[in-house]
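J.: Residue numbers for the sequence shown follow the working numbering, beginning at 8 and rising by one. Here you go, one structure.
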Amino acid sequence: MAIKEEIAAFASEFGDIRRDIHAHPETAFEEFRTADIVADKLTGLGLKIHRGLAKTGVVGTLSVGNSNRAIGLRADMDALDIHEENTFDHVSTIDGKMHACGHDGHTAMLLCAARYLSETRNFNGNVHFIFQPAEENVAGGRVMVEDGLFELFPVEAIYGMHNLPGMPVGQFGMQAGPAMASADMFTIEISGKGSHGAHPHQGIDPIVTGAEIVMAFQRIVARTINPIDTAVVSVTQFHAGRAMNVIPETAVIKGTCRALKREVQDQVEARMEQIVQGVCAAHGLSYSIEYDRRYPVLVNTSEETSKAAQAAIAVAGEDNVNTSLPPTMGSEDFAWMLQDNPGCYIRVGNGEGEDGGCVVHNPNYDFNDDAIVFGASYWATLVEQEFGTG
Ligand SMILES: [Zn+2]
Ligand SMILES: [Zn+2]
8 MAIKEEIAAF
18 ASEFGDIRRD
28 IHAHPETAFE
38 EFRTADIVAD
48 KLTGLGLKIH
58 RGLAKTGVVG
68 TLSVGNSNRA
78 IGLRADMDAL
88 DIHEENTFDH
98 VSTIDGKMHA
108 CGHDGHTAML
118 LCAARYLSET
128 RNFNGNVHFI
138 FQPAEENVAG
148 GRVMVEDGLF
158 ELFPVEAIYG
168 MHNLPGMPVG
178 QFGMQAGPAM
188 ASADMFTIEI
198 SGKGSHGAHP
208 HQGIDPIVTG
218 AEIVMAFQRI
228 VARTINPIDT
238 AVVSVTQFHA
248 GRAMNVIPET
258 AVIKGTCRAL
268 KREVQDQVEA
278 RMEQIVQGVC
288 AAHGLSYSIE
298 YDRRYPVLVN
308 TSEETSKAAQ
318 AAIAVAGEDN
328 VNTSLPPTMG
338 SEDFAWMLQD
348 NPGCYIRVGN
358 GEGEDGGCVV
368 HNPNYDFNDD
378 AIVFGASYWA
388 TLVEQEFGTG
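See the structure below:
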């Protein structure tokens, strides 16, 4: 096993940066202070900086030698709207905002790798260090792509990394193929006819019809999706009515659908519309459906996954790299970057127990600084392996 000694020697500097970012969390498209820290650091290391993609995005380019080849390494910078419950010194100073997903750590690890690579320059090629805003909820990665990320910085492959609580520090995990699910959000409004609660025959009840729709949705996965495939349909909101003795005019049903294949995603959406249409027609209601495909399936390409595994094994040793990590039904906007390019998204262990095992999005979560040396060594090894000069 071979973490980079140079990185181990200066990793604490990036632990300090990580805790500073942790104490000053910024959410979607408002990562101004964080982006300044990133840009200043990269400029100090001699990288060429581009700012402003997706508002607060930063891309630093390190070019060594004469090769035209380029790869992208991506970290996310945003925090969440969560009130932090931790009591340590670097606790969030901003009420209601917190780095509860470890993006402070992702930013620090990539900066740490940039320092190593800019000082050692032991490769021939171009590395684009991509720091993106707004990974949570609003797909800042998609906005960066739409703003021209890969036209400005064409890459032959793109790589991402996320911490994984519960996995010991010093371990990595990845998988070829679908790794994280698509995330679609739906809003269905059904309209009947309001009436007195005592005279239901004079109205058209959207609550009973809505309940029927919710129940029928349970059959989408259970009865229409091939059991070998994976999908989730979750109704998470049902709003109707204000008074105890009034049958309301309308009901609103909201929720999310997940899948690990594009075809399954298509099938779920189509079935949903058929059910709403059919049930509403049976009872004489009108309806509207907003179906928002927010995050696509995140698919790791096989060749790049092998390269990622090889780099992780070089850092952590074969016993500490799980190359067939099970996929999850969570989602990631890195999927948008992988739609345009081959690449791989991997997991780095955040530790077990109290120090690193607390789940992400929990008010007591914290990124584990001991992981920095491993994550940064992985990035550095990946670049040297890909563009190595021997
Ligand atoms: Zn998150
Ligand atoms: Zn995250």
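The C-beta atom is built at its ideal place from N, Cα and C for all residues, glycine as well.
1. With hydrogens ignored, establish whether the beta-carbon of residue 110 is closer than 7 Å to any heavy atom of ligand 2.
2. Between residue 192 and the rest of its own chain, which residues show a CB-CB distance below 7 Å, the 5 nearest in sequence each way excluded?
3. Quick check for students: name the residue ranges of the beta strand (DSSP E) that lie wholly in the segment 83 to 170, counting only runs of 3 or more.
4. Nearer than 7 Å: is that true of the beta carbon of residue 5 relative to any heavy atom of ligand 2?
5. For the segment 223 to 241 and the segment 203 to 214, state whether three or more C-beta atom pairs, one from each stretch, are separated by less than 8 Å.
6. Taking DSSP as the reference, what is the three-state secondary structure of residue 258?
7. Could you check if residue 132 is buried or exposed, using at least 16 other CB atoms within 10 Å of its CB as the buried criterion?
8. With DSSP as the reference, please indicate the residues paired to residue 80 in a beta bridge.
9. Taking the alpha carbon of residue 361 as the reference point, which residue from 311, 342, 129 and 374 has its own alpha carbon closest?
10. Kindly list the residues whose CB is nearer than 7 Å to the CB of residue 152, restricted to its own chain and excluding five residues on each side of it in sequence; keep chain order.
11. Quick one: is residue 168 buried, meaning 16 or more other Cβ sit within 10 Å of its Cβ, or exposed?
12. What do you get for residue 50, buried or exposed, if any count of 16 or more other CB atoms within 10 angstroms of its CB means buried?
13. Can you grab the Cα-Cα spacing for the pair residue 288 / residue 274, in whole Å?
14. For residue 338, which of helix, strand or coil comes out of DSSP?
15. Measure the CB-CB distance between residue 183 and residue 312 and report whether it falls below 8 Å.
16. Less than 7 Å between the CB of residue 290 and some heavy atom of ligand 2, yes or no?
17. Does the beta carbon of residue 77 come closer than 8 Å to any beta carbon on chain D?
18. Consult DSSP for residue 187 and reduce its assignment to one of helix, strand or coil.
19. Which two residues bound the contiguous alpha helix (DSSP H) that contains residue 380?
20. Along the alpha helix (DSSP H) that carries residue 317, what are the first and last residues, could you check?
21. Would you call the CB atoms of residue 258 and residue 324 closer than 8 Å?
22. Measure the Cβ-Cβ separation of residue 364 and residue 172 and say whether it is below 8 Å.
23. DSSP three-state label for residue 363, please.
24. Is residue 188 near residue 265, with beta carbons less than 8 Å apart?
25. Say yes only if the C-beta of residue 106 is nearer than 7 Å to one or more non-hydrogen atoms of ligand 2, and no if none qualify.
T.: Checking against the coordinates, here is how it stands:
1. Relative to ligand 2, the nearest heavy atom lies less than 7 Å away from the CB of residue 110.
2. 263, 299 and 301
3. The beta strand (DSSP E) runs lying completely inside the segment 83 to 170 and spanning 3 residues or more are 132 to 139, given in chain order.
4. Only positions 8 to 397 of the chain appear in this structure, which leaves residue 5 out of reach.
5. no
6. strand
7. buried
8. As DSSP reads the structure, residue 80 sits in a beta bridge with 136 and 166.
9. 374
10. Only 343, 344 and 347 meet the Cβ criterion.
11. By the 10 Å Cβ count, residue 168 comes out buried.
12. exposed
13. 21 Å
14. Correct three-state label for residue 338: coil.
15. yes
16. no
17. Although the question refers to chain D, the structure presented lacks it and comprises just one protein chain.
18. strand
19. Per DSSP, residue 380 belongs to the alpha helix (DSSP H) from 379 to 394.
20. 309 to 323
21. no
22. yes
23. When DSSP states are grouped into helix, strand and coil, residue 363 belongs to the helix group.
24. yes
25. No.
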